[in-house]
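*Asks:* One structure, as C-alpha cells, below. Some questions next.
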Ligand SMILES: Cc1cc2nc3c(=O)[nH]c(=O)nc-3n(C[C@H](O)[C@H](O)[C@H](O)COP(=O)(O)O)c2cc1C
Ligand code: FES
C-alpha cells in the first residue's frame, strides 16, 4: 500500500519535452572592472581552491545587478569551475545574498535581544507602517525593501539598521522613522550615521 | 591601582588605526621583529603557553596548547584562520579592535603564522562588517608596504601573507570547522571531529582557528613578557580582557579590564556601563553571549573570569554581557533568542534544526497566552533531546536560554498559562504577533 496519491504518469500527460525548466533570466557577465577584481581575489587562495572565492564572486554579482539571478549563478559556476548547483547551495544558505531584486535601499533591522530591548520591534513596525510593506516586502516605488536581520555585532548602538549590506545606521527610534526614510530619499546613503566608535 | 588598558588604550584618538600611529605609540611590529629575529617558532609557542593565554572566542581553550597540537611533521602547508565572525548575540569587541587597532591583530596573525609554521593567515570577517573590512584591508596594505608582511620579513627568511575573507551572514560560520567550510567556499556547516583542525583543517591541512582578541594578545605577550601577562587578573584567567556590555544599561560599550573585575561592577559601576537606565532595577544577566545561561542579580558578585562564571553555572563565553531590567518578560526573552537560533541553525543535525523550531513554537504559544502547563515540561523534554546530541555546540547553545529561564523564572511561564496572556508587556516591545516563518 502506498501513502502517496495516485498519479497519472502516462507519457501523454507528462512528456519529457513538456517539463518546464527554471527561468534563468538574462545572461550575465562581470563588467571588466569586476572581472579584474575577481581575478585578483582568486589569487588569495591556492590555485586548486578557486571555490574559496565564491562568496566574493557572488558579492561582485550583487554589486553589479543588485541580486543574484540564476544566470549569474551559472556564470559564477563557470568562473569557479564548479556546478551551478554548488553555487545555488551557497547562495541559498547565506542571508546576505538576495535571490530576487530588492529596492534601492534594503533596510535590515537587527531584531536580536539587545536591539529588541532598545525597541527594535517597534522600529520594524514603524518602518512597515510608514512604507506600507510587510517584512520581506518592497514598497510600491521600488525604493525600500524591509528586512529583519540577526545580531549585527554593534549591540551598544542599538537599535541598529544595516542598509544594502555595506552601510549602517545606529540608534534608530520608532519616532525617528519618518525622518530617516525622508533623509534617505533626499540625501541617499549620506543620510546614514554609520557605525563607528565615537572619537572624543 | 587603576588598570591601564593595552588593547584599547588609544581607540579614542583620531588616527589610532594607522600604521604611523601604531609605530609611534604602540607596539609598532617590534614584537614581530623580536619573534622572527631572536626566537625559534617553538620558543614563541612556549612563551604563549607559559602566559596561560586562553581563547577569547568562547571556549577559553589555552592558545599555546592549540598551537602546539598543530601537526609539524608534514609537507602540507599550514594555516592560521582568524575568527572575526563575531556573531554571538551581544558581542561587539572584535568590531572595535579591528576598526580602531587593526595592526595589533595583523601583527598577531603574523606571529601566529611564524609559531605554527604557516605562511598564510586568513581573517574570516563577517559580511556585515564591510566598513571594518575596508579599514583592515587598507592597513594590511600599509603593513605590506612597510615590509611587515610579504617576503623575507625583517631579513629573517620568514614569509607571511594575510588575507581578509568576507563571510555573508551566518552565525554558524563562527564555529571553527564551519568557518573552515565557509572559507573553502561551501555552506557554513560543522565537520565531524576528530580530526581537529590542528591535524586536518583548512584544505585538509593543519590549521589553527583563533579569535581576533586572542591573536591581539600575542604581540603583547611577546613584547611585555610572560610575567607582565600573568600579573594581570586571577590565576589561570590572566591578561587583558574586553567586555561588551549591552541591554538596559545607561552606558553600553566595550570595556577593557582584567578578569578580577566583577560582573556586578561591569554592569553597575560608574566607570563601566553605569547601572540600569531610567532608574529601573536589574532583573537578569546573560554573562557571555546569548548561548550562556542566565544569571540572577544575586549571582553576579563574582569575578568576570572563565572559571568564576563557570562555577556560578554559566559561561564567560565571548564576554558579551546583556543586562535586562524588570520590564522584561523572560518568556519573551527566551522566545526572542530561540527565533535567532531557529533562523541560524545550519540544518545539518536534526535535533538542532527541528528542535529549535519546536522550542520556538512552544515559546510563541506560551508567550501569547495560549500554552498549557504541560508545555513547560515539554520545553524541558525537547531541550533534553537536543543538548549533547549535535556535531557542534550549537545544540547546547540553543537550549541555554530555555533551560535557564525556566530554572529561574518558572513562575513567569506559569503566569502566562494561568492568565492567558503575557503578564509583563513592556512599552518597548512590538504590538503585533510576529510571523513564525523566518526568511530561511
Ligand atoms: C555556534 C558557534 C558560534 C561561534 N561563533 C564564534 C564567533 O563568532 N567568534 C569567535 O571567535 N568564536 C566563535 N565560536 C567559537 C569557535 O568555535 C572557536 O572556539 C574559537 O574561534 C576559537 O578561538 P579561540 O581559541 O581564540 O577562542 C563559535 C562557536 C560556536 C559553536
Ligand atoms: S543585538 Fe542588534 S546588533 Fe547585537
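Residue numbers (my numbering), protein chains in the order written: chain A, 1 to 200; chain B, 1001 to 1440. Quick reminder that beta carbons are idealized off the backbone N, C-alpha and C, glycines included.
1) Check this for me: beta carbons of residue 1060 (chain B) and residue 1289 (chain B), under 8 Å apart or not?
2) Let me confirm a value: residue 1380 (chain B) is counted as buried when at least 16 other C-beta atoms fall within 10 Å, else exposed. Which label applies?
3) Beta carbons nearer than 7 Å to chain B: which residues of the segment 27 to 52 of chain A have them?
4) Kindly say whether residue 90 (chain A), judged by its beta-carbon, lies nearer than 8 Å to any beta-carbon of chain B.
5) Apply the 10 Å Cβ neighbour rule to residue 1411 (chain B) and answer buried if 16 or more other Cβ atoms are within range, or exposed otherwise.
6) Consider the C-beta atom of residue 115 (chain A) and the heavy atoms of ligand 2; say whether any pair is separated by less than 7 Å.
7) Applying the 10 Å Cβ sphere with the 16-neighbour rule, what's the burial state of residue 1421 (chain B)?
8) At a CB distance below 8 Å, what residues from the segment 1309 to 1342 of chain B approach chain A? Give them in sequence order.
9) Run through chain B and tell me which residues come within less than 8 Å of residue 170 (chain A), C-beta to C-beta.
10) Could you tell me whether any non-hydrogen atom of ligand 2 is closer than 7 Å to the CB of residue 1281 (chain B)?
11) Between residue 1209 (chain B) and ligand 1, is the CB less than 7 Å from at least one heavy atom?
12) Should residue 1254 (chain B) and residue 1267 (chain B) be called a contact, given that it needs their Cβ atoms to be closer than 8 Å?
13) Just to check, is the beta-carbon of residue 1445 (chain B) closer than 7 Å to a non-hydrogen atom of ligand 1?
14) Only counting the same chain, and skipping five residues up and downstream in sequence, which positions put a Cβ closer than 6 Å to that of residue 1159 (chain B)?
15) Name the residues in the segment 1397 to 1412 of chain B whose C-beta lies less than 8 Å from a C-beta of chain A; which are they?
16) In the DSSP assignment, find the beta strand (DSSP E) that holds residue 146 (chain A) and state where it starts and stops.
17) Taking 6 Å as the limit between beta carbons, can you name the residues of its chain near residue 194 (chain A), skipping five residues before and five after?
18) Is residue 1067 (chain B) helix, strand or coil when you go by DSSP?
19) Can you tell me whether residue 1145 (chain B) is helix, strand or coil according to DSSP?
20) Kindly indicate which residue of B:1337, B:1111, B:1282, B:1308 has the alpha-carbon position closest to the one of residue 1040 (chain B).
21) Going by C-alpha distance, which of B:1365, B:1115, B:1432 is nearest residue 1414 (chain B)?
22) Would you check whether ligand 2 has a heavy atom nearer than 7 Å to the C-beta of residue 160 (chain A)?
23) For the structure I just gave you, are there three or more beta carbon pairs, one from the segment 1099 to 1110 of chain B and one from the segment 1209 to 1227 of chain B, closer than 8 Å?
24) Quick one: give me the first and last residue of the beta strand (DSSP E) that residue 1108 (chain B) is part of.
25) Mind checking who residue 1246 (chain B) pairs with in its DSSP beta bridge?
26) Under 9 Å Cβ-Cβ, which residues of chain A neighbour residue 1151 (chain B)?
27) Between the segment 1128 to 1142 of chain B and the segment 1177 to 1186 of chain B, can you find at least three pairs of beta-carbon atoms closer than 8 Å?
28) Assign residue 1130 (chain B) to one of three DSSP states: helix, strand, or coil.
29) Please report how far the alpha carbon of residue 1436 (chain B) lies from the alpha carbon of residue 1398 (chain B), in whole angstroms.
30) Relative to the C-alpha of residue 148 (chain A), which residue among A:187, A:124, A:141, A:45 is closest?
31) Below 7 Å CB to CB, which residues in the same chain sit around residue 1025 (chain B) once its five sequence neighbours on both sides are set aside?
32) Quickly, what does DSSP pair residue 167 (chain A) with across the bridge? List them, please.
33) Mark residue 188 (chain A) as exposed unless 16 or more other C-beta atoms lie within 10 angstroms of its C-beta, in which case mark it buried.
34) Are the C-beta atoms of residue 177 (chain A) and some chain B residue less than 8 Å apart?
35) Going by beta carbon distance, what residues of the same chain come within less than 6 Å of residue 1322 (chain B), once the five residues before and after it are set aside?
36) Tell me which residue opens and which closes the alpha helix (DSSP H) that residue 1078 (chain B) is part of.
*Replies:* Put simply:
1) Counting from 1 along the second chain, the entry for residue 1060 (chain B) is found at position 60. Counting from 1 along the second chain, the entry for residue 1289 (chain B) is found at position 289. In this structure, residue 1060 (chain B) lies away from residue 1289 (chain B), with their beta-carbon atoms at least 8 Å apart.
2) Position 380 of the second chain, counted from the first residue, corresponds to residue 1380 (chain B). Counting Cβ neighbours within 10 Å, residue 1380 (chain B) comes out exposed, since fewer than 16 surround it.
3) Those residues of the segment 27 to 52 of chain A that come within reach of chain B (Cβ to Cβ, closer than 7 Å) are 44, 46, 49, 51, 52.
4) Taking the first residue of the first chain as position 1, residue 90 (chain A) is located at position 90. Chain B contact via Cβ: present.
5) Sequence index remark: in the second chain, residue 1411 (chain B) carries index 411 (1-based). By the beta-carbon neighbour count (other beta carbons within 10 angstroms, threshold 16), residue 1411 (chain B) is exposed.
6) Here residue 115 (chain A) corresponds to residue number 115 of the first chain, with the count starting at 1. Correct: residue 115 (chain A) has its Cβ closer than 7 Å to ligand 2.
7) The count along the second chain starts at 1 and reaches residue 1421 (chain B) at position 421. A residue is called buried once 16 or more other Cβ atoms fall within 10 Å of its Cβ, and residue 1421 (chain B), having fewer, is exposed.
8) Here the close residues are 1320, 1322, 1324, 1328, 1333, 1336, 1337, 1339, 1340.
9) Start at 1 with the first residue of the first chain, and residue 170 (chain A) comes out as number 170. The premise fails here: residue 170 (chain A) is roughly 11 Å from chain B at the closest Cβ pair, so nothing lies under 8 Å.
10) In the second chain, residue 1281 (chain B) corresponds to position 281, counting from 1. For residue 1281 (chain B), the Cβ stays outside the 7 Å cut-off from all heavy atoms of ligand 2.
11) In the second chain, residue 1209 (chain B) corresponds to position 209, counting from 1. Yes.
12) Taking the second chain and counting its residues from 1, the one referred to as residue 1254 (chain B) is at position 254. Taking the second chain and counting its residues from 1, the one referred to as residue 1267 (chain B) is at position 267. In this structure, residue 1267 (chain B) does not lie closer than 8 Å to residue 1254 (chain B) by Cβ.
13) The requested residue 1445 (chain B) is not part of the displayed model; chain B covers only 1001 to 1440.
14) In the second chain, residue 1159 (chain B) corresponds to position 159, counting from 1. Taking residue 1159 (chain B) as the centre and dropping the five residues before and after it, the same chain places the C-beta of 1119, 1151 closer than 6 Å to its C-beta, in chain order.
15) For chain A, none of the residues of the segment 1397 to 1412 of chain B brings a beta carbon within less than 8 Å of one of its beta carbons.
16) The residue given as residue 146 (chain A) occupies position 146 in the first chain. Start and end: 144 to 149.
17) Here residue 194 (chain A) is taken as the residue at index 194 of the first chain, counted from 1. Once the five neighbours on either side are set aside, the close Cβ partners of residue 194 (chain A) are 168.
18) Within the second chain, residue 1067 (chain B) is the residue found at index 67, counting from 1. For residue 1067 (chain B), the three-state secondary structure derived from DSSP is helix.
19) Taking the second chain and counting its residues from 1, one reaches residue 1145 (chain B) at position 145. It is helical.
20) By 1-based counting over the second chain, the position of residue 1040 (chain B) is 40. Between residue 1040 (chain B) and the set B:1337, B:1111, B:1282, B:1308, the nearest pair of CA atoms involves B:1111.
21) Numbered from its first residue, the second chain carries residue 1414 (chain B) at position 414. Answer by Cα proximity: B:1365.
22) Along the first chain, read from residue 1 onward, the residue named residue 160 (chain A) stands at position 160. Yes, since a heavy atom of ligand 2 falls inside the 7 Å radius drawn around the Cβ of residue 160 (chain A).
23) At 8 Å Cβ cutoff, the stretches touch.
24) Here the question's residue 1108 (chain B) lines up with position 108 in the second chain. Careful: residue 1108 (chain B) lies outside any beta strand (DSSP E), inside the alpha helix (DSSP H) at 1102 to 1116.
25) For the purposes of this step, residue 1246 (chain B) is taken as residue 246 along the second chain, with counting starting at 1. Residue 1246 (chain B) is bridged to B:1322.
26) Position 151 of the second chain holds residue 1151 (chain B). Neighbours of residue 1151 (chain B) on chain A: none; closest Cβ ~15 Å, over 9 Å.
27) By the Cβ rule, the segment 1177 to 1186 of chain B does not count as touching the segment 1128 to 1142 of chain B, because fewer than three pairs are nearer than 8 Å.
28) Taking the second chain and counting its residues from 1, the one referred to as residue 1130 (chain B) is at position 130. Reduced to three states, the DSSP call for residue 1130 (chain B) is helix.
29) As a first step, residue 1436 (chain B) is located in the second chain; it is residue number 436 there, counting from the start. As a first step, residue 1398 (chain B) is located in the second chain; it is residue number 398 there, counting from the start. Residue confidence for residue 1436 (chain B) is low, a pLDDT of 47 falling below 50, so the modelled location carries little weight and cannot support an answer.
30) Here residue 148 (chain A) corresponds to residue number 148 of the first chain, with the count starting at 1. Closest by alpha carbon: A:124.
31) The residue you call residue 1025 (chain B) lines up with position 25 of the second chain. 1010.
32) If you number the first chain from 1, residue 167 (chain A) lands on position 167. Beta-bridge analysis with DSSP links residue 167 (chain A) to A:163.
33) The residue given as residue 188 (chain A) occupies position 188 in the first chain. Per the 10 Å Cβ criterion, exposed.
34) Translated into positions along the first chain, residue 177 (chain A) becomes position 177. Chain B contact via Cβ: absent.
35) Indexing the second chain from 1 puts residue 1322 (chain B) at position 322. Apart from the 5 residues on each side of it in sequence, residue 1322 (chain B) sits with its Cβ closer than 6 Å to the Cβ of 1090, 1246, 1247, 1286 in its chain, given in chain order.
36) What you label residue 1078 (chain B) is simply residue 78 of the second chain in a count that begins at 1. Note, residue 1078 (chain B): premise wrong, no alpha helix (DSSP H); not H, not E.
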